[in-house]
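Read left to right, the sequence shown gives residues 573 to 740 (this note's numbering).
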Amino acid sequence: IAQTLKEQKEFHRSSGRETHSILVTPQGRPFSQEKARELSSKKAVLTLICGRYEGFDERLRSLVDEEISGGDFICMGGEVITMTMIETISRLVPDVLGNQESAVHESFTQPMLEFPQYTRPASFEGMEVPEELKSGNHKIIAQWREEQALARTKNRRPELLQCKTKIK
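Here it is in structure tokens:
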């Protein structure tokens, strides 16, 4: 695989294109929404390399630009982590989503989880859609969403609130 990666990089560079190659490995830095944002804005040919079962020939590490992990766990291979990275990065590329605003108000776009979502019907087995959401008042809805996102984050992922600055 090292020879193939070397040839791929040389081909793209000879065509005037930058390359950025990533080794998907449990030994890398954890993948995050912030990293996805960074990679989605690169003007380079992005190459993700994942393994199956065992590790890689150590010499391959000298050819990649960085190593990224899916988290502190081990899978049988890196394919699922790589697919997750591709989807996460791709949806941040302009014009990939039908409505780019969809990617703006989700969990991890700010240092909080996303607010609860509701669909029709307004009542299901005694569980009601909150009145604030049915009000039609955008200011009240926005305030409710912010309060709910904060409460959900405090309850489920309080470490996210330790961030000193908002993720852009």
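Glycine residues also receive a C-beta, built at the ideal position from the N, C-alpha and C atoms.
Can you pull the DSSP bridge partners for C622? Residue numbering aside, residue 622 sits at position 50 when the sequence shown is read from its first letter. DSSP output for C622 lists V596 as bridge partner(s).
What is the DSSP secondary structure of E639, counted as helix, strand or coil? Translated into the one-based positions of the sequence shown, residue 639 becomes position 67. E639 falls in the strand class under three-state DSSP.
C-beta atoms of L611 and I661 nearer than 8 Å: As a first step, residue 611 is located in the sequence shown; it is residue number 39 there, counting from the start. As a first step, residue 661 is located in the sequence shown; it is residue number 89 there, counting from the start. Closer than 8 Å, so yes.
Check this for me: beta carbons of L635 and S587, under 8 Å apart or not? Within the sequence shown, numbered from 1, the residue matching residue 635 stands at position 63. Within the sequence shown, numbered from 1, the residue matching residue 587 stands at position 15. S587 is positioned such that its CB atom lies no closer than 8 Å to that of L635.
Taking the alpha carbon of K578 as the reference point, which residue from I640, T619, R663, K614 has its own alpha carbon closest? Taking the sequence shown and counting its residues from 1, the one referred to as residue 578 is at position 6. Nearest Cα to K578 within the set I640, T619, R663, K614: T619.
Length of the line joining the Cα atoms of L732 and L669: Counting from 1 along the sequence shown, the entry for residue 732 is found at position 160. Counting from 1 along the sequence shown, the entry for residue 669 is found at position 97. In a straight line, the C-alpha of L732 is about 26 Å away from that of L669.
Run of the alpha helix (DSSP H) containing V668, from where it starts to where it stops: As a working note, residue 668 is residue 96 in the sequence shown. Per DSSP, V668 lies in no alpha helix (DSSP H) segment and is marked neither H nor E.
Per the DSSP calculation, G649 is bridged to which residue(s)? One-based indexing of the sequence shown puts residue 649 at position 77. Residue pairing by DSSP places G649 opposite R624 in a beta bridge.
Under 8 Å, with one C-beta from each stretch per pair, do the region 689 to 696 and the region 637 to 646 reach the 3-pair mark? Result no; under three Cβ-Cβ pairs closer than 8 Å.
Label M648 either buried or exposed according to how many other C-beta atoms from any shown protein chain fall within 10 Å of its C-beta, with 16 as the threshold for buried. One-based indexing of the sequence shown puts residue 648 at position 76. Exposed is the call here.
Please state whether DSSP places E700 in a helix, a strand or coil. Position 128 of the sequence shown, counted from the start, is the residue given in the question as residue 700. If DSSP states are grouped into helix, strand and coil, E700 belongs with the strands.
Distance between G623 and D667 (C-alpha atoms, nearest Å): Within the sequence shown, numbered from 1, the residue matching residue 667 stands at position 95. Within the sequence shown, numbered from 1, the residue matching residue 623 stands at position 51. Taking the straight line joining both Cα atoms gives about 31 Å.
Please report the residue range of the alpha helix (DSSP H) in which A721 lies. Here residue 721 is taken as the residue at index 149 of the sequence shown, counted from 1. In the DSSP assignment, A721 falls within the unbroken alpha helix (DSSP H) covering 710 to 728.
Nearest-angstrom Cβ-Cβ length linking E639 and G698, presumed shorter than 8 Å: Taking the sequence shown and counting its residues from 1, one reaches residue 639 at position 67. Taking the sequence shown and counting its residues from 1, one reaches residue 698 at position 126. E639 to G698, Cβ: 50 Å. No contact.
Opposite E590 in the DSSP bridges: which residues? Residue numbering aside, residue 590 sits at position 18 when the sequence shown is read from its first letter. DSSP, once it has assigned bridges, lists A616 as partnering E590.
Do you know offhand how far K581's Cα is from A574's? Here the question's residue 581 lines up with position 9 in the sequence shown. Here the question's residue 574 lines up with position 2 in the sequence shown. Distance from the CA of K581 to the CA of A574, rounded to the nearest whole angstrom, comes to 11 Å.
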